[in-house]
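In the UniProt record's numbering, the protein residues as written are 10 to 246. In this text, a Cβ means the ideal position worked out from N, Cα and C, and glycines have one as well. Have a look at the structure below, then the notes.
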Amino acid sequence: RDILSVDDVEVVYPNGTRALNKTTCQFMDGEVTVLLGPSGAGKSTLLRTLNLLTQPSAGHIVTSAGQQLKSRRDIRFHRRDTAMIFQQHQLIGRLSALRNILMARLGRHSVWSSLAGFSRAEKHLALESLSRVGLFDKALTRCDSLSGGQQQRVGIARALTQEPKLILADEPIASLDPASSDRVMKILRDVCREDRIPVIVSLHQLDFAKAYADRIIGLCDGDIVFDGPPSALDNAA
Ligand code: ADP
Ligand code: ADP
10 RDILSVDDVE VVYPNGTRAL NKTTCQFMDG EVTVLLGPSG AGKSTLLRTL NLLTQPSAGH
70 IVTSAGQQLK SRRDIRFHRR DTAMIFQQHQ LIGRLSALRN ILMARLGRHS VWSSLAGFSR
130 AEKHLALESL SRVGLFDKAL TRCDSLSGGQ QQRVGIARAL TQEPKLILAD EPIASLDPAS
190 SDRVMKILRD VCREDRIPVI VSLHQLDFAK AYADRIIGLC DGDIVFDGPP SALDNAA
């Protein structure tokens with residue numbers, strides 16, 4: 010089932026940079042799609058457009074119901090259902106993993122409110138998410154004493170507590186070593202399979218794309234230059 014379509018979308022930034030030429034593609038439930046391309050190819054722009062953080066200059070983002078995402082209300086609901094994961098996860102270093110997740114979940118920004126202020130259900134969900142990324146035992150550890158890979162996994166756990174219907178990850182492994190990168194990509198793939206949601210990940214490494222993608226969309230200078238399963242890429246070469 011395709012749940013999100015990009016329909017003839019074009020993005021030109023205010024300074025005149027054309028980041029995405031007329032682009033059309035669909036994303037499916039339960040499928041990991043990797044946006045693969047060098048820096049400047051338009052990967053971030055496409056990801057941000059999927060969340061309407063960047064407005065298309067032309068074309069539309071269309072939901073599974075065939076509805077164009079246009080009104081403020083539709084966009085708000087879409088964003089609520091969409092989790093974003095970034096290269097830099099912006100955790101508050103001196104707070105525990107659990108606290109970072111709870112604060113994001115509730116949109117509470119008071120660093121000082123105690124854990125007692127959160128309900129059992131909220132804490133349960135946060136701990137369950139930490140288990141899914143293999144960090145249950147680090148729940149009460151300060152984030153600045155976790156490794157880069159562990160921090161990224163806290164970032165994913167935080168995204169999971171949003172109970173998203175779509176996950177967008179912008180270069181989530183760009184600053185990680187290969188072992189941590191594998192771990193992060195495996196988690197994203199498992200979530201995609203288990204929760205049956207589309208996971209769209211931008212990467213610049215072909216080997217990770219081949220290892221974890223169900224489908225690779227190759228981007229170069231704002232154009233889709235390839236769209237297919239990793240095996241098709243091998244056959245073409
Ligand atoms: P990435 O390659 O991971 O997308 P960049 O370093 O290219 O990251 O961009 C980082 C931020 O700077 C992004 O928010 C992007 O929108 C912005 N940016 C990138 N290129 C330009 C540019 N030419 N003018 C203005 N902002 C830019
Ligand atoms: P990637 O994620 O593949 O590195 P981006 O989508 O970040 O590519 O960038 C695509 C092109 O758009 C690049 O030329 C970049 O410099 C430019 N760009 C990105 N963000 C902005 C921005 N906010 N303003 C102007 N140009 C931008």
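Reducing DSSP to helix, strand and coil, say where residue i ends up.
| i | result |
| --- | --- |
| ASP90 | coil |
| ASP232 | strand |
| ILE206 | coil |
| ASN244 | helix |
| ALA28 | strand |
| GLU159 | Note on residue identity: the sequence assigns Gln, not Glu, to residue 159. Correct three-state label for GLN159: helix. |
| ALA130 | helix |
| VAL193 | helix |
| residue 296 | Residue coverage of the chain in this structure runs from 10 to 246, which leaves residue 296 outside it and unanswerable. |
| GLY143 | coil |
| GLU137 | helix |
| LEU100 | coil |
| LEU61 | coil |
| LEU185 | coil |
| GLY49 | coil |
Just to confirm, is the Cβ distance from residue i to residue j under 7 Å?
| i | j | result |
| --- | --- | --- |
| GLY157 | LEU139 | no |
| GLY92 | ALA28 | Per the sequence presented here, residue 92 reads as Ala, with Gly not at that position. No, they are not a contact pair. |
| ALA135 | ILE110 | yes |
| GLN77 | HIS69 | yes |
| LEU177 | LEU100 | no |
| SER66 | VAL15 | no |
| ILE225 | LEU62 | no |
| SER105 | LEU149 | yes |
| VAL43 | LEU212 | yes |
| VAL193 | GLN159 | no |
Buried or exposed: where does residue i fall if 16 or more other Cβ atoms within 10 Å of its Cβ makes it buried?
| i | result |
| --- | --- |
| SER240 | exposed |
| GLY231 | buried |
| VAL18 | buried |
| ALA188 | exposed |
| TYR221 | buried |
| GLY51 | buried |
| VAL208 | buried |
| ARG74 | The amino acid occupying residue 74 in the given sequence is Ala; Arg does not appear at that position. ALA74 is exposed by the Cβ-count criterion. |
| LYS147 | buried |
| GLN97 | exposed |
| GLY164 | buried |
| ASP216 | exposed |
| GLU180 | buried |
| GLY103 | Looking at the sequence itself, residue 103 is Arg, so the reference to Gly does not match. The residue in question, ARG103, is exposed, as its Cβ has fewer than 16 Cβ neighbours within 10 Å. |
| GLU40 | buried |
| HIS133 | exposed |
| ALA130 | exposed |
Using the DSSP secondary-structure output, state which residues sit across from residue i in a beta bridge.
| i | result |
| --- | --- |
| GLY237 | ILE225 |
| SER14 | GLN35, VAL71 |
| ALA178 | ILE94, VAL210 |
| SER105 | ARG151 |
| THR42 | ILE209, ARG224 |
| GLN77 | VAL71 |
| GLU19 | ALA67 |
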